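K.L.:
Here it is, the structure in full.
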Amino acid sequence: MRATRRGDVASAFLPFAEYAAVPAEKLPNITKIDSPCGLSLDLFLGPLGVPGLTAYSSLHKIGKPKKGETIFVSSAAGAVGQGVGQIAKREGLTVIGSVGSDEKLDFILSELGCFDAGFNYKKEKPVEALKRLAPQGLDIYYENVGGEHLEAALEHMNIRGRIVVSGMIEGYNKPMEERYGVRNLLEFFAKRLTMAGFLVGDEVFGPAYAEDHGRDVQKWTADGSFRPKLPITRGIENAPEGLLEIFQGKNFGKAVLKIKE
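Take a look at the structure:
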């Protein structure tokens, strides 16, 4: 941890609490927050924090985006999905997203301004939506959901496409026997696809891209070209409700708990 003074702001993986005692051996994992652009602190939990670094590092390391390609982002209104969509658009890609409500669809298409097309998967099956929205096929699929989304993406992937696996929330709270069984895995060798998972803490991801991510995303956020949306739960007594909303699919972006005003 860099030298700090009383009153400095830092980020770390700690409990929901007004105060936290931190063992000395954990100090290297605490990051002092510097905001030369004077940005709001909540942004350092979203686009300038782990979700933003996740999007930035994995899209570049695994996705290897090239101008003119097409990317499909599942859970496009989520913390990572928002970031992936906006970074991909800056790279010159056609960006398609899936969301779970009409409100979220309007958000990614109208407010974010980086998604060229999108669909509500609760109203239209992913396989049908991609047939309609991506007749040219997909070069990159950014996976946050799993299940039918992955199966549909595999069907529409172009030769030597890349699949970035950030999560598969569709199966997180289901026993193994209830999880969706993807049926078209033969597409991997037929289309020579690459699919890779990662953890942002891996040396070749977060640490390798942290400096570039911090510089670029602070600049883009400050000049208004990067437009994140974060839901804020106010009051530590409301923390369980805010956490539950993540798994109910109600959130736009990174869920933030503001312990007190």
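Those letters in the sequence shown? Residues -6 to 254, per our numbering, in order.
Think of the CB as a built atom: it goes at the ideal place given N, C-alpha and C, for glycine as much as any other residue.
Please read all numbers here as calculations on a predicted model, not as lab measurements.
Does the beta-carbon of residue 150 have 16 or more other beta-carbons within 10 angstroms, so that it is buried, or is it exposed?
P.N.:
The residue is buried, with at least 16 neighbouring Cβ atoms inside 10 Å.
K.L.:
Which of the three DSSP states, helix, strand or coil, is assigned to residue 132?
P.N.:
In this structure, residue 132 counts as strand in the three-state DSSP scheme.
K.L.:
Around the C-beta of residue 37, are 16 or more other C-beta atoms found within 10 angstroms, so that it is buried, or is it exposed?
P.N.:
Result: buried.
K.L.:
Out of curiosity, what's the CA-to-CA distance linking residue 115 and residue 244?
P.N.:
Near 16 Å, if we compare the C-alpha coordinates of residue 244 and residue 115.
K.L.:
DSSP has residue 231 in a bridge; who is on the other side?
P.N.:
Paired residues: none, contrary to the question.
K.L.:
Given this structure, state the Cα-to-Cα distance separating residue 131 from residue 161, to the nearest angstrom.
P.N.:
So the two alpha carbons sit approximately 19 Å from each other.
K.L.:
Using 8 Å as the Cβ pair cut-off and three pairs as the minimum, do the segment 168 to 180 and the segment 141 to 149 touch?
P.N.:
Yes, the segment 168 to 180 is in contact with the segment 141 to 149.
K.L.:
Sort 226, 7, 120 by Cα distance to residue 321 and report the nearest one.
P.N.:
With the chain covering only -6 through 254, there is no way to say anything about residue 321.
K.L.:
Exposed or buried, what is residue 25 when buried is set at 16 or more other beta-carbons lying within 10 Å of its beta-carbon?
P.N.:
The residue is exposed, with fewer than 16 neighbouring Cβ atoms inside 10 Å.
K.L.:
Restricting to Cα atoms, I'd like to know which of 9, 4, 1, -1 is closest to residue 253.
P.N.:
Here the closest residue by C-alpha is 9.
K.L.:
Are at least three pairs of beta-carbons, each pair with one atom in the segment 207 to 222 and one in the segment 182 to 192, less than 8 Å apart?
P.N.:
The segment 207 to 222 is not in contact with the segment 182 to 192.
K.L.:
What residue does the beta strand (DSSP E) around residue 158 start on, and which one ends it?
P.N.:
Run containing residue 158: 150 to 158, per the beta strand (DSSP E) assignment.
K.L.:
Looking only at DSSP bridge pairs, what is residue 189 linked to?
P.N.:
The partner list for residue 189 (beta bridge, DSSP) reads 157.
K.L.:
Check whether the Cβ atoms of residue 89 and residue 64 lie closer than 9 Å to each other.
P.N.:
A contact, by the Cβ cut-off of 9 Å.
K.L.:
When the distance is taken between beta carbons, is residue 92 closer than 9 Å to residue 111?
P.N.:
Result yes, Cβ atoms of residue 111 and residue 92 sit closer than 9 Å.
K.L.:
Quick one: what's residue 251 bridged to in DSSP?
P.N.:
In DSSP, residue 251 forms a bridge with 227.
K.L.:
In this structure, how does DSSP classify residue 124 when only helix, strand and coil are distinguished?
P.N.:
Residue 124: helix per DSSP, three-state reduction.
K.L.:
Any chance the segment 72 to 82 sits against the segment 217 to 225, with 3 or more Cβ pairs inside 8 Å?
P.N.:
Result yes; three or more Cβ-Cβ pairs closer than 8 Å.
K.L.:
Rounded C-beta distance between residue 2 and residue 34? I'm assuming under 8 Å.
P.N.:
Contact holds; Cβ gap of about 6 Å.
K.L.:
List the endpoints of the continuous beta strand (DSSP E) containing residue 64.
P.N.:
Segment 63 to 66, the beta strand (DSSP E) holding residue 64.
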